Each structure stands twice: as C-alpha cells, then as structure tokens.
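A short write-up of the structure that comes next.
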Amino acid sequence: MAGHSKWANIQHRKGRQDEKRGKVWTRIIREITVAARQGGGDVGVNPRLRLAIAGAKAANMPADRIKYNIDKASGTLEGISYEEIRYEGYGIGGAAIIVDTMTDNRVRTVAEVRHAFNKYGGNLGTEGSVAFQFKHCGQFLFAPGTPEDKLMEVALEAGADDVITHDDGSAEVLCAAPDFEAVKLALEAAGLTPEIAEVTMRAENNIPLAGEDAERMQKLLDVIEDLDDVQAVFHNAEMDS
836 MAGHSKWANI QHRKGRQDEK RGKVWTRIIR EITVAARQGG GDVGVNPRLR
886 LAIAGAKAAN MPADRIKYNI DKASGTLEGI SYEEIRYEGY GIGGAAIIVD
936 TMTDNRVRTV AEVRHAFNKY GGNLGTEGSV AFQFKHCGQF LFAPGTPEDK
986 LMEVALEAGA DDVITHDDGS AEVLCAAPDF EAVKLALEAA GLTPEIAEVT
1036 MRAENNIPLA GEDAERMQKL LDVIEDLDDV QAVFHNAEMD S
C-alpha cells in the first residue's frame, strides 16, 4: 500500500514530462533505432519496436518519419550506431537512481552522467548497486474513482500480476514486461484508460523526501533527464509536490 501522496506524485511526474516534450522525439527515434536494429523492422515479430512506434504515434510523430528511422536502423539506410548503457547511483537521502542511456560515444556519456551526480549532491555507483531495489515490469496507473472491481477483473483476466489500490483512491496494475501489450489492449477495450502506461523499472520501496531535500532531488533528476543521451530515469524517491 502506497502513501497518501501517490496520486499527487503521478500528476507531478506527468506535468514534468509534459514540460520536456522537446526531447521526446529524439528519445523515441533512438528507441526505434535500437529496437529495429536488434529485432528487425517487422513489427509483427518485434514487440519492442511495436511499443516504440506506439510511443511515436502518441507523440504525434509523422508516419513517414517513423518509417524512415525504421529503415535506417534495419539497414535499408546508413545511420549512426547507438549503444545502450545503464548507470546506477544515489541521490539525496540515499534515494536510488537508475539512468538508461543510448549513446554513440560512451566516454562522453559517462562523463556527463558522473558530472551531474557529483555537482548536484548525488553519487554515481557501480553496476548492480541499486538495480536490485527495482522490478522490471509493465505498469498502469489509474486516477481515483476508477471502478476497482472492474479493473481487477479485466486486468487479472488479461494476465496482470497484481492490482493495487492506494490510500488516495488511485489504482495501479502491474504485469510482466512481455505481457504489457496484451494487458494494455484488454484495459482499453474495457474502457479503462490509464493516466500512465509503460514498461518501467518500478521501485520496490520508496524513500520519502520533503522540503529542501525534495527540491534538491528534483533538481538532480531534472539535470540528469536533460542530458542528450539519457532515455529514461527511474528512482525510488517519493517527493512532496
């Protein structure tokens, strides 16, 4: 059971994501590139590419640009080769942070990530130092007032692992990462629309931060997220919004 501020944190997170829309296309293009290069350009057999394309459409990326990046990545056109690198570290109050990057220059990326951690009160750790505190899974977050019985019935029948109702009335559906698409389609077909739906690294336990500590943590996260090579940032801090 999560704390009373769960929904406020979700809304705060959505708001900050909306502020960063300028970088969304760049990150989506990189994800399409890596997905197509690793699994091929056929969306019928490449679930990672299907998710990337869904994200591109949600961000209003034109179909011809999506196709161009798939073709480029799958070898039809020549393009840059990206490498996926994950960094782990600690933020304010010992909060755990995972930083997923895609880069064509490993030396540049690690230098930028380390600088951000060091300058803003964090500490870059070693591989595996915090990842054990997170679970790779599909996550759907619903607003307070979503019919709990219907949500539970549809989600579990579709293959979800758990449905959690929080103190503030918001609800959370969790599933194995490979089951994300099936659960998402079932929820949408039943008229259940999540505020956030993603495959993520979900923190097993949260660290509450308030006041100055919350502000410092948010600043650190903002700086890391604004780095050009960063694709996603996950953390276990629960901050006052």
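The sequence shown maps to residues 836 to 1076 in my numbering.
Ideal Cβ positions, reconstructed from N, Cα and C, are used throughout, including at glycine.
Fair warning: this is a prediction, and the values are worked out from it, not measured in the lab.
1) Look up Glu1016 in the DSSP assignment and say whether it is helix, strand or coil.
2) For Ala1072, does the three-state DSSP call read helix, strand or coil?
3) Hey, could you find the ends of the alpha helix (DSSP H) His950 is sitting in?
4) Per DSSP, what are the beta-bridge partners of Glu919 in this structure?
5) I'd like to know whether the C-beta atoms of Asp996 and Ala1011 end up nearer to each other than 9 angstroms.
6) Spell out the partners DSSP gives Pro1043 in its beta bridges.
7) Within 10 angstroms of the Cβ of Gly980, are there 16 or more other Cβ atoms? Answer buried if so, exposed if not.
8) Residues bridged to Phe975 by DSSP?
9) Can Met1036 and Gly928 be called in contact, C-beta distance under 9 angstroms?
10) Are the CB atoms of Ala1025 and Phe975 within a distance shorter than 9 angstroms?
11) Hey, Phe969 and Glu1060: beta-carbon distance below 9 angstroms or not?
With the given structure in hand:
1) Looking at Glu1016 - three-state DSSP - the assignment turns out to be helix.
2) In the three-state scheme derived from DSSP, where H, G and I count as helix and E and B as strand, Ala1072 is classed as strand.
3) Arg941 to Lys954 is the span of the alpha helix (DSSP H), which, as asked, contains His950.
4) Paired residues: Met937.
5) The beta carbons of Asp996 and Ala1011 sit closer together than 9 angstroms.
6) Pro1043 pairs with Glu1073.
7) Counting Cβ neighbours within 10 Å, Gly980 comes out exposed, since fewer than 16 surround it.
8) According to DSSP, which records beta bridges pairwise, Phe975 is partnered with Val1008 and Ala1032.
9) Annotated as distal: Met1036 and Gly928, with beta-carbon spacing of 9 angstroms or more.
10) Their beta carbons are not under 9 angstroms apart, which means Phe975 does not touch Ala1025 by this criterion.
11) No, Cβ-Cβ distance for Phe969 and Glu1060 is not below 9 angstroms.
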